[in-house]
Amino acid sequence: MKIAYYPGCSLDGTAIEYGMSTHKMAELLGIDLWEIPDWSCCGASSAHQTSHLLSIALPARNLAVAEKEGMDVFAPCAACYNRFRAAEMEVRSDEKTKRQVEEAIGMAFEANHQTVSTLELLTERYGLENLNAKVTKPLKGMTPACYYGCLLVRPVGITGFDDPEDPQSMDRIMESIGASPVKWDFKTECCGAGLGVTQPEACLEMTYRILLNAKEMGADSIVTACPICHLNLDMRQKAIEKKYQVEFKLPVYYVTELVSIACGADAPSVGTNRHFVEANSIFDRLPAKAKAMEEAAEAAKAEKKGKKAKAKPQPEKVEVDGLSLAQQIYDDADQAAQLGALLTSEPARATKLQEIFEQDKAKAQKVANALLAKKAKETSGGEEGNKG
29 MKIAYYPGCS LDGTAIEYGM STHKMAELLG IDLWEIPDWS CCGASSAHQT
79 SHLLSIALPA RNLAVAEKEG MDVFAPCAAC YNRFRAAEME VRSDEKTKRQ
129 VEEAIGMAFE ANHQTVSTLE LLTERYGLEN LNAKVTKPLK GMTPACYYGC
179 LLVRPVGITG FDDPEDPQSM DRIMESIGAS PVKWDFKTEC CGAGLGVTQP
229 EACLEMTYRI LLNAKEMGAD SIVTACPICH LNLDMRQKAI EKKYQVEFKL
279 PVYYVTELVS IACGADAPSV GTNRHFVEAN SIFDRLPAKA KAMEEAAEAA
329 KAEKKGKKAK AKPQPEKVEV DGLSLAQQIY DDADQAAQLG ALLTSEPARA
379 TKLQEIFEQD KAKAQKVANA LLAKKAKETS GGEEGNKG
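This is the structure we're talking about:
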């Protein structure tokens, strides 16, 4: 599998571990990344606020280079991905914009290829079954909170991928590599990274709520595919813990880091030692945690089974009236009396005969005949012994 690769500014700078782990993941999965030559900034951080044409032309230039090679584009950064998809959509839908963009970049651009995110690359292009087959060190016992943020699945008209309110693609990726992602409420809530400079207190409050919900729902880590979100959740944790007098200690990973580790990479080799929150020791604790989780699951299963059995109504034991049953089997009063006396003295036999009678009256009479014959033989044998 070969695809054009756009690293963007972050993966060569503040999110260099995202770049490291993306390359390692591609190597382990056999994905050929063709880096767009002489790529330029897509303008995600500010261009779309200053000039609409510039916001389309900057990503379009990179896309046009890949288009010449007949290739789709893989943009790991959520912001770059979002701007690339927006440029593709506008050029496809508006001929005037298309002409203006082509004039600005000095190249033809048809927007007839597609940009994919890390999540799309793994779930839709590579495939989760293929991914699972590459796993050599499953992350059993790990309970990450999958954080999608604002730009990977919204706006729907631009991304057209996954559920914008309750996305599942990253969760499915985590399950494919052996982890058990938690269910939580803040997977698409904004972390406030864009307010980090102008309104830092608001940013801390928004990030705090995300970390708190993840922790309360049992997460031992957070995983994301956005460099801005990663930086915010990782770098600000210490300040948040100090302000709110709490302790989170939640390592924040890029999805590519965890995929690479599950497929055999050493954790520090994909950049986990570069994080603000310590992110290596968790992997040493996973075997013990996985065992504890399995034992807890088995105990819960046994308890549920026990409660179900206890709650199940037990059939009442109804004592069979031996004489009444005998009278239903025999019309002859003497035979009925003999059988009634026998069944009264042996309740278990009476119960068994009752069950047979309810299913087959003729068979019950044959069994009754055999019982009386046996009783008569025993009585006769006893009398002969007394004579001797």
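Each residue of the sequence shown is one higher than the last, beginning at 29 in my numbering.
Every residue, glycine too, gets a C-beta built ideally from N, C-alpha and C.
Item: Measure from the alpha carbon of F189 to the alpha carbon of each residue in A88, E63 and Q142, then state which is nearest.; Value: Q142
Item: Residue range of the beta strand (DSSP E) that I250 falls in?; Value: S249 to T252
Item: Looking at M53: is its Cβ nearer than 8 Å to the Cβ of T300?; Value: no
Item: In terms of alpha-carbon separation, which member of V298, A307, A392 and S373 lies closest to L381?; Value: A392
Item: Answer yes or no: do A106 and L180 have a C-beta to C-beta separation smaller than 8 Å?; Value: yes
Item: Using a Cβ-Cβ cut-off of 6 Å (strictly less than) and excluding sequence neighbours within five positions of F214, which residues of its own chain qualify?; Value: I238 and N241
Item: Using only the alpha-carbon positions, how far apart do Y154 and M29 sit?; Value: 8 Å
Item: How far does the beta strand (DSSP E) with P315 in it reach, from first residue to last?; Value: From DSSP, P315 is part of no beta strand (DSSP E) but of the alpha helix (DSSP H) over I310 to A339.
Item: What residue does the beta strand (DSSP E) around P172 start on, and which one ends it?; Value: P172 to C174
Item: Could you tell me the distance, in whole angstroms, from the CA atom of E55 to the CA atom of A221?; Value: 31 Å
Item: Have a look at G47 and Y109 and give me their C-alpha separation to the nearest angstrom.; Value: 15 Å
Item: The beta strand (DSSP E) spanning D362 covers which residue range?; Value: First-last for D362: A361 to S373, but that is the alpha helix (DSSP H), not the beta strand (DSSP E).
Item: With a 10 Å radius around its C-beta and 16 neighbouring C-beta atoms as the bar for buried, classify A136 as buried or exposed.; Value: exposed
Item: Determine whether the beta carbon atoms of A253 and L147 lie at a separation below 8 Å.; Value: yes
Item: Please classify S79: is it buried, with 16 or more other beta-carbons within 10 angstroms of its beta-carbon, or exposed?; Value: exposed
Item: What do you reckon, are the CB atoms on A376 and L367 nearer than 8 Å?; Value: no
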